[in-house]
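Asks:
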Amino acid sequence: SAMRKARIKRTKTVCTYCGVGCSFEVWTKDREILKIQTHAEAPVNGVSTCVKGKWGWDFVNSEERLTKPLIRKGDEFVESTWEEALNLVAEKLGTIKETYGPDSIGYIASSKCSNEENYLFQKFARAVMGTNNVDNCSRYCQSPATTGLMRTVGLGGDSGTIEDIMASELIIVVGANPAESHPVLATRIKRAHKLHGQKLIVVDLREHELAQRADFLVHPKPSTDLIWLSAVTKYILDQGWEDKEFLKNRVNGFDSYVASLEKYTLPYAAEKTGLTEDELIKLATMIHEAKSACILWAMGVTQHKGATDTSTAISNLLLITGNYGRTGTGAYPLRGHNNVQGACDFGTMPAWMPGYEPVQDKEVRERYEKAWGVKLPEEPGMDNHHMVEGMDKGKLKALYLFGEDMSLVDANSNHVNAAFERLEFFVVQDVFFSKTAQFADVVLPAAPSLEKDGTFTNTERRIQRFHKVFEPLGDSKPDWEIFQEVANRLGANWNYKHPSEIMAESASLAPLFAGVSYERLEEWNSQVWPVLKDGTSTPLLYKNRFALPDGKARLVPVEWTPPFVAGEEFDLHLNNGRLLEHFHEGNMTYRSEGLTHKVPHPWLEVSLQLAKERNLEDGALVELTSPYGQVQVRVIVTDRVKGNELYLTMNTREDTEAVNRLTSSYHDTITHTPAFKEMGVKMEVIESK
Ligand code: SF4
Numbered sequence: 252s253a254m255r256k257a258r259i260k261r262t263k264t265v266c267t268y269c270g271v272g273c274s275f276e277v278w279t280k281d282r283e284i285l286k287i288q289t290h291a292e293a294p295v296n297g298v299s300t301c302v303k304g305k306w307g308w309d310f311v312n313s314e315e316r317l318t319k320p321l322i323r324k325g326d327e328f329v330e331s332t333w334e335e336a337l338n339l340v341a342e343k344l345g346t347i348k349e350t351y352g353p354d355s356i357g358y359i360a361s362s363k364c365s366n367e368e369n370y371l372f373q374k375f376a377r378a379v380m381g382t383n384n385v386d387n388c389s390r391y392c393q394s395p396a397t398t399g400l401m402r403t404v405g406l407g408g409d410s411g412t413i414e415d416i417m418a419s420e421l422i423i424v425v426g427a428n429p430a431e432s433h434p435v436l437a438t439r440i441k442r443a444h445k446l447h448g449q450k451l452i453v454v455d456l457r458e459h460e461l462a463q464r465a466d467f468l469v470h471p472k473p474s475t476d477l478i479w480l481s482a483v484t485k486y487i488l489d490q491g492w493e494d495k496e497f498l499k500n501r502v503n504g505f506d507s508y509v510a511s512l513e514k515y516t517l518p519y520a521a522e523k524t525g526l527t528e529d530e531l532i533k534l535a536t537m538i539h540e541a542k543s544a545c546i547l548w549a550m551g552v553t554q555h556k557g558a559t560d561t562s563t564a565i566s567n568l569l570l571i572t573g574n575y576g577r578t579g580t581g582a583y584p585l586r587g588h589n590n591v592q593g594a595c596d597f598g599t600m601p602a603w604m605p606g607y608e609p610v611q612d613k614e615v616r617e618r619y620e621k622a623w624g625v626k627l628p629e630e631p632g633m634d635n636h637h638m639v640e641g642m643d644k645g646k647l648k649a650l651y652l653f654g655e656d657m658s659l660v661d662a663n664s665n666h667v668n669a670a671f672e673r674l675e676f677f678v679v680q681d682v683f684f685s686k687t688a689q690f691a692d693v694v695l696p697a698a699p700s701l702e703k704d705g706t707f708t709n710t711e712r713r714i715q716r717f718h719k720v721f722e723p724l725g726d727s728k729p730d731w732e733i734f735q736e737v738a739n740r741l742g743a744n745w746n747y748k749h750p751s752e753i754m755a756e757s758a759s760l761a762p763l764f765a766g767v768s769y770e771r772l773e774e775w776n777s778q779v780w781p782v783l784k785d786g787t788s789t790p791l792l793y794k795n796r797f798a799l800p801d802g803k804a805r806l807v808p809v810e811w812t813p814p815f816v817a818g819e820e821f822d823l824h825l826n827n828g829r830l831l832e833h834f835h836e837g838n839m840t841y842r843s844e845g846l847t848h849k850v851p852h853p854w855l856e857v858s859l860q861l862a863k864e865r866n867l868e869d870g871a872l873v874e875l876t877s878p879y880g881q882v883q884v885r886v887i888v889t890d891r892v893k894g895n896e897l898y899l900t901m902n903t904r905e906d907t908e909a910v911n912r913l914t915s916s917y918h919d920t921i922t923h924t925p926a927f928k929e930m931g932v933k934m935e936v937i938e939s940k
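Note that the UniProt record's numbering has the sequence shown beginning at 252, numbered continuously upward.
(1) Taking 7 Å as the limit between beta carbons, can you name the residues of its chain near Ala-465, skipping five residues before and five after?
(2) If distances are taken between C-alpha atoms only, which option among Glu-617, Gly-525, Ile-487 and Gly-645 comes closest to Ile-571?
(3) Determine the extent of the beta strand (DSSP E) in which Ser-877 is found, giving its start and end residues.
(4) By a C-beta neighbour count over all protein chains shown, 10 Å radius and 16 as the cutoff for buried, is Leu-568 buried or exposed?
(5) Does at least one heavy atom of the ligand SF4 sit under 8 Å from the Cβ of Gly-270?
(6) Let's see if you can read the secondary structure: which residues bound the beta strand (DSSP E) around Ser-858?
(7) Does the region 758–766 touch the region 536–555, meaning 3 or more C-beta pairs lie closer than 8 Å?
(8) If we call anything under 9 Å between Cβ atoms a contact, is Pro-320 one with Asp-726?
(9) Just to confirm the assignment, what range does the beta strand (DSSP E) spanning Lys-324 have?
(10) Let me know the secondary structure DSSP gives Ile-359 once reduced to three states.
(11) Would you say Val-302 touches the ligand SF4, meaning its beta carbon is less than 8 Å from a heavy atom?
(12) Taking the Cβ atom as the reference point for each residue, do Asn-589 and Gly-272 lie within a distance shorter than 9 Å?
(13) From Phe-310 to Val-809, what distance separates their C-alpha atoms?
(14) Do Val-884 and Leu-859 have their C-beta atoms closer together than 9 Å?
(15) If I follow the unbroken beta strand (DSSP E) through Gly-551, where does it start and stop?
(16) Give a single yes or no on whether Cys-273 has its beta carbon closer than 8 Å to a heavy atom of the ligand SF4.
(17) Just to confirm the assignment: which complete beta strand (DSSP E) runs, minimum length 3, are found wholly within the region 399–429?
(18) State the start and end residues of the unbroken alpha helix (DSSP H) segment that holds Phe-734.
(19) Evaluate Lys-613 with the Cβ neighbour count: other Cβ atoms within 10 Å of its Cβ, from every protein chain shown; 16 or more gives buried, anything less gives exposed.
(20) Provide the residue span of the beta strand (DSSP E) that contains Phe-328, from first to last.
(21) Kindly identify the DSSP beta-bridge partner or partners of His-852.
(22) Quick check: what's the CA-CA separation for Arg-258 versus Asn-387?
(23) Indicate, with yes or no, if the ligand SF4 has a heavy atom lying under 8 Å from the CB of Pro-584.
(24) When burial is assigned at 16 or more other CB atoms within 10 Å of the CB, is Gly-573 buried or exposed?
(25) Let me check you understand the geometry: is the CB of His-459 closer than 8 Å to at least one non-hydrogen atom of the ligand SF4?
(26) Compare the Cα-Cα distances from Gly-270 to each of Arg-616, Gly-593, Met-642 and Glu-314 and report the closest residue.
(27) Tell me the start and end of each unbroken beta strand (DSSP E) in the region 756–783 that is at least 3 residues and wholly inside, in chain order.
(28) Report the CB separation of Val-782 from Gly-766 in whole angstroms; it is logged as a contact under 8 Å.
(29) Would the beta-carbon of Pro-878 fall within 9 Å of that of Lys-556?
(30) In three-state terms, what does DSSP make of Asp-681?
(31) Based on Cα-Cα distance, which residue from Ser-481, Arg-577 and Glu-770 lies nearest to Ala-521?
(32) If I follow the unbroken beta strand (DSSP E) through Asn-827, where does it start and stop?
(33) When burial is assigned at 16 or more other CB atoms within 10 Å of the CB, is Thr-318 buried or exposed?
(34) Which residues in the same chain have their Cβ closer than 7 Å to the Cβ of Lys-280, if we skip the five residues on either side of it in sequence?
(35) Any chance the CB of Cys-545 is under 8 Å from a heavy atom of the ligand SF4?
Here it is in structure tokens:
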């Protein structure tokens with residue numbers, strides 16, 4: 252047994268699933284994963300994990316892993332060598348760039364991949380290919396929150412850490428389901444609630460687990476959050492409860508903002524939101540009485556037509572009540588993927604260089620131009636939405652996408668798939684042959700996190716190091732190595748030997764990461780940006796100044812945008828979201844036996860009332876139809892949802908059950924995040940059970 256022990260390897264890693272960013276050791280013997288061992292020193296989770304972190308790793312050894320590059324020959328994909336595939340990618344991208352110009356190609360990055368990989372991908376798009384057409388999946392989720400915060404307080408990240416949330420007197424959770432989407436964070440909130448008498452308000456359509464524990468549960472009509480937020484803010488001002496000192500010293504734009512609130516009276520808000528005036532007053536009173544309050548939100552807020560403005564309204568409310576810059580206060584948009592924060596931070600966005608410096612800023616560009624030895628494009632590029640429309644209209648000729656199953660996760664997937672068909676050349680780089688890969692010309696096999704080194708940044712802005720456990724399976728390679736191979740075939744002369752060199756380059760160029768280094772991230776150490784040159788982290792933002800030019804925050808007047816209405820025949824409201832056991836499209840979790848055994852397929856939640864009206868029982872099969880498509884799915888009858896509101900889990904194995912066959916192309920007007928949460932459907936019973 253001494254021999255046997257000697258072969259057991261322990262490697263520190265960071266969870267590949269949600270934005271909480273749990274870290275732990277993976278114990279392995281050869282390619283076998285023996286167990287996940289938690290560690291008290293892990294900065295976010297200590298000894299906790301959720302089921303995904305603990306059981307969600309089988310996918311790494313799945314038989315379905317891509318192990319060789321594939322090249323389309325007619326309707327077939329044929330295995331090829333790297334040499335052949337990379338030469339083809341370089342030749343095609345090069346020719347298309349020459350023929351139609353650099354802006355005829357789009358680049359979709361991955362929130363599942365490392366900071367270093369995202370940095371290198373945007374460098375490839377900008378420096379080698381000459382375009383700012385680069386975006387990542389935060390376009391589907393938190394872009395409105397990022398923009399809402401940048402407008403008002405200056406930085407698109409959580410104001411503090413999970414420790415700060417724990418220390419709050421009042422937590423308000425709006426349109427988020429942390430018990431399933433951010434489980435370890437939810438555990439912390441539950442503990443604070445139980446042990447330290449923390450108060451919890453939940454605002455949601457659905458009575459999820461945390462909602463059942465709330466001190467005050469509020470259920471407004473769908474898509475009306477901006478209205479109750481503004482009415483509560485106005486009521487606080489009318490009572491003279493605003494934080495006058497704070498507003499005087501630290502905030503601009505007070506008068507015009509207050510004037511903009513005029514119409515948000517209690518009767519108006521009650522009529523629009525369906526909440527009673529008493530409920531609105533109770534919300535205002537609870538916020539007023541708490542010495543510290545923070546607001547957590549997610550897709551229930553951001554996936555709407557007016558999402559940036561609603562996120563802004565959240566920030567406005569926090570500013571009016573002085574809830575920024577102290578522990579227990581602030582804004583917490585909860586990040587979905589493990590590295591959605593990092594993908595944005597490291598510049599895979601059409602208007603931003605790494606560290607949130609605008610591409611339009613000449614000084615910023617010059618700094619990068621000098622370091623990279625190129626001339627950079629000056630105007631913001633296409634975002635994800637523009638790219639789909641560009642493909643559809645024949646303007647975008649080629650797409651290079653990695654670690655993102657756009658065919659499943661983008662809204663209105665029938666439309667997206669039709670747009671893919673129009674591409675002249677499409678490269679998909681992934682761990683599995685995704686739904687999106689069906690449309691590719693070349694599929695490149697990538698290695699998951701356990702097979703490479705790198706860093707991820709969690710929802711707290713915390714950068715953590717993960718280490719290579721296995722060699723890449725078959726011929727697969729880490730994404731950053733693939734980018735380097737492609738870039739060098741297109742005239743670059745990159746010579747990165749390890750991701751630490753990529754991070755060092757980024758830290759030398761982006762002030763936000765000035766003191767980030769692999770030496771400082773060894774063992775269980777982490778760094779929270781902004782990181783000063785000497786390595787000092789900034790766990791709590793805005794203590795003395797906001798990240799805007801004069802150091803003051805800005806109150807920004809906002810307008811309510813009515814939701815998309817599908818039409819009268821689509822009489823049911825369809826909400827959608829995550830599930831504890833599966834993650835996003837489910838490409839990893841459905842390939843992990845323990846998880847699939849627990850939850851083999853998605854389901855539709857139907858209220859008791861609706862089930863009675865339509866004569867439905869658990870297990871009935873229904874067909875949902877929207878103006879954009881159909882799905883068939885089994886039913887669960889539950890009091891988690893009410894009346895005509897349905898809830899469909901968004902993780903799926905089969906695209907016939909995928910919610911995005913139903914969603915529309917309507918989107919937030921400012922960030923173009925799809926209005927995934929605004930859909931009317933009709934429901935037909937196929938089998939009542
Ligand atoms: Fe992974 Fe999130 Fe679960 Fe932690 S809470 S183990 S980061 S999925």
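Ideal placement from N, C-alpha and C gives every residue a C-beta, glycine not left out.
Replies: The short version:
(1) Leu-451, Ile-452 and Val-453
(2) Distances from the alpha-carbon of Ile-571 to those of Glu-617, Gly-525, Ile-487 and Gly-645 put Ile-487 closest.
(3) Bounds of the beta strand (DSSP E) holding Ser-877 are 872–877.
(4) Per the 10 Å Cβ criterion, buried.
(5) If you check the C-beta of Gly-270 against the ligand SF4, you find a heavy atom less than 8 Å away.
(6) Where Ser-858 is concerned, there is no enclosing beta strand (DSSP E), given that its DSSP letter is neither H nor E.
(7) no
(8) yes
(9) 321–324
(10) In the three-state reduction of the DSSP assignment, Ile-359 falls in the strand class.
(11) yes
(12) yes
(13) 45 Å
(14) Between Val-884 and Leu-859, the CB-CB gap reaches or exceeds 9 Å.
(15) Counting along the chain, Gly-551 sits inside no beta strand (DSSP E); it lies in the alpha helix (DSSP H) bounded by residues 550–553.
(16) Cys-273 has its CB nearer than 8 Å to a heavy atom of the ligand SF4.
(17) 421–425
(18) Here the alpha helix (DSSP H) through Phe-734 covers 730–740.
(19) By the neighbour-count rule (16 or more Cβ atoms within 10 Å), Lys-613 is not buried but exposed.
(20) 327–330
(21) Answer by DSSP bridge pairing: none, since His-852 is not bridged.
(22) Using only the alpha carbons, I get a separation of about 39 Å.
(23) no
(24) buried
(25) no
(26) Gly-593
(27) none
(28) 4 Å
(29) For the 9 Å CB-CB criterion, Pro-878 and Lys-556 do not form a contact.
(30) strand
(31) Ser-481
(32) That run of the beta strand (DSSP E) goes 823–828.
(33) exposed
(34) Around Lys-280: Arg-258 and Ile-259.
(35) no
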